[in-house]
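For the sequence shown, the working numbering begins at 11 and goes up steadily by one.
We put the beta carbon where it would ideally sit given N, CA and C, even for glycine.
Quantities reported herein were computed from a predicted structural model and do not represent experimental measurements.
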Amino acid sequence: METAINLCRAGESAKGTAKKYGLAYATLYRHVKSGFASPQLGRFRPVLTEDQETELVNYLKGMDAVFFGLTRDELISLAFDYAHYNKLQYPESWSKNKKAGEDWLQRY
């Protein structure tokens, strides 16, 4: 849906795009007209963007290259510090424990 909306905003016809992606024309037209972009579905919202995760991965690889590996606890503390420093929204439990949750580590 999001791809179809972006194509319509770029100048493609709504009818042709709807047919191409198997969407109802009226639905696509309504979303394009209202400026609606599908919200992220699901209960969980990522704390870090993909770029921020890539930055964290590169940092960890650099630390590993100089033989300074991190434990699980150090990694989740580092993730909290990174999110706090960059003023990102994170769960309240992170503030309470001063570290990211185990669930974050599993999804990371």
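When secondary structure is reduced to three states using DSSP, L66 falls in the helix class. A direct Cα-Cα distance of roughly 23 Å separates D83 from D61. In the three-state scheme derived from DSSP, where H, G and I count as helix and E and B as strand, G26 is classed as helix. Closest in C-alpha terms to M11, from the list S23, A28 and E22, comes A28.
Y95: member of the alpha helix (DSSP H) spanning R82 to Y95, first to last residue. About 15 Å separates the beta carbons of A20 and Y39, which is beyond the 8 Å limit, so they are not a contact pair. Setting aside the 5 residues that flank it on each side, M73 is surrounded in the same chain by G79 and L80, each with a C-beta closer than 8 Å to its C-beta; the list follows chain order. Across the structure, R117 and A110 are spaced so that their CA atoms are roughly 12 Å apart. Looking at the backbone, the Cα of V42 and that of I15 are separated by about 6 Å.
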